[in-house]
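First up is the structure itself, then whatever we jot down about it.
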Amino acid sequence: MKKIFLLANVLLVSTSTFAFTDNYYASVKVAYTDQKAKSMDTSLRPGIGQFVAGDDKQHVTTPTIALGYDYQNNWRTEVEYSFEKDFEYTSGSTTFPTSFNHHKVKTQSMFLNAYRDVEVYENVSLFGSVGLGVAKVKSSGWQGNETRQYASNTDTNLAYSIGAGVSYNPIQQVNVDLGYRYVDLGKVESGMNVFNNARGLQDEQMKAHLEKNEFYLGVRYKF
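Under mature numbering (1 follows the signal peptide of the UniProt record, and there is no 0), the residues of the sequence shown are numbered -19 to -1, 1 to 204, in order.
Shown next, in the form of structure tokens:
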């Protein structure tokens, strides 16, 4: 993840050398994150009846930091890092209704975002955004009780986002942003079961497709 951050910053700096003005900015966002684990029914848990849905949504507050460049032509780009957050999702089966899988995931991401600003009133702009990046997700968990563990696994996925919002420029160097974005973090999976199951096999594995909706408040400062 550190190497990705350094590479993204090099790309951002090299791109901005074509501009003649210093319009770098730093940004801090706080996002209300609604993250959902879809496709948990694709998990490997053979011979135990039908899939039973459990808790497939988690809500957290996620901080992010970014370094960007405003090209002064209604376009800007930034490199944004989203700090690691913990989530836990559950699912079960009809044969063992009280023996739920607990899929624990830790997510962090790095994105290169592009924004298009459209001024609608003095000091007020609407914007659209798209982002492409890398999500690093560590999966682990247990079944029934915490002594029955799954092996951990880390997935590094290509991720993308799309969003929109409104920006207010109260003073020359500061913008306050209020926005929404959809983020797809890709498919993740745990390792296989470490515990002994009824079949005496290591043939169980938790899987999910992570997506999130974020409503965020951010502040940009030009320097």
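The beta-carbon is built from N, C-alpha and C at its ideal position, and this holds for glycine as well.
Report the option in the options whose CA atom is closest to the CA atom of residue i.
i	options	result
tyrosine 52	Thr79, Tyr5 and Ile46	Tyr5
tryptophan 123	Arg26, Tyr13, Lys19 and Ser20	Arg26
residue 224	Gln186, Val169 and Arg57	Missing from the structure shown is residue 224; the chain here goes from -19 to 204 and no further.
leucine 139	Lys117, Asn82 and Gln186	Lys117
glutamate 59	Met173, Tyr96 and Lys17	Tyr96
glutamate 61	Thr135, Leu113 and His83	Leu113
glycine 109	Met91, Ala7 and Gly144	Gly144
serine 121	Glu192, Val86, Phe64 and Asp165	Val86
My output table needs one value for residue i: the three-state DSSP class, helix, strand or coil.
i	result
aspartate 22	helix
leucine 93	strand
arginine 180	coil
asparagine 174	strand
phenylalanine 196	strand
asparagine 156	strand
asparagine 82	strand
threonine 128	strand
glycine 35	coil
glutamate 108	In the sequence as displayed, the identity of residue 108 is phenylalanine instead of glutamate. Here phenylalanine 108 sits in strand by DSSP.
threonine 75	coil
asparagine 55	coil
Per DSSP, what are the beta-bridge partners of residue i in this structure?
i	result
glycine 30	According to DSSP, which records beta bridges pairwise, glycine 30 is partnered with nothing at all.
asparagine 138	Ala116
glutamate 185	In the DSSP output, where bridge partners are listed per residue, glutamate 185 has none listed.
phenylalanine 64	Paired residue(s): none; phenylalanine 64 is not in a bridge.
valine 11	Pro44 and Leu198
Is the CB-CB distance between residue i and residue j below 7 Å?
i	j	result
serine 171	glutamine 183	no
serine 80	methionine 21	no
threonine 75	lysine 188	no
Is the Cβ of residue i closer than 7 Å to any Cβ of chain B?
i	result
tyrosine 202	In the displayed structure, chain B is absent; only one protein chain is listed.
Within 10 angstroms of its Cβ, does residue i collect 16 or more other Cβ (buried), or is it exposed?
i	result
histidine 84	buried
glutamate 100	exposed
asparagine 177	exposed
alanine 34	exposed
alanine 47	buried
phenylalanine 204	exposed
alanine 179	exposed
Below 6 Å, is the gap between the Cβ of residue i and the nearest heavy atom of the ligand MN?
i	result
leucine 191	What this structure holds is no ligand at all, so the ligand MN is not there to describe.
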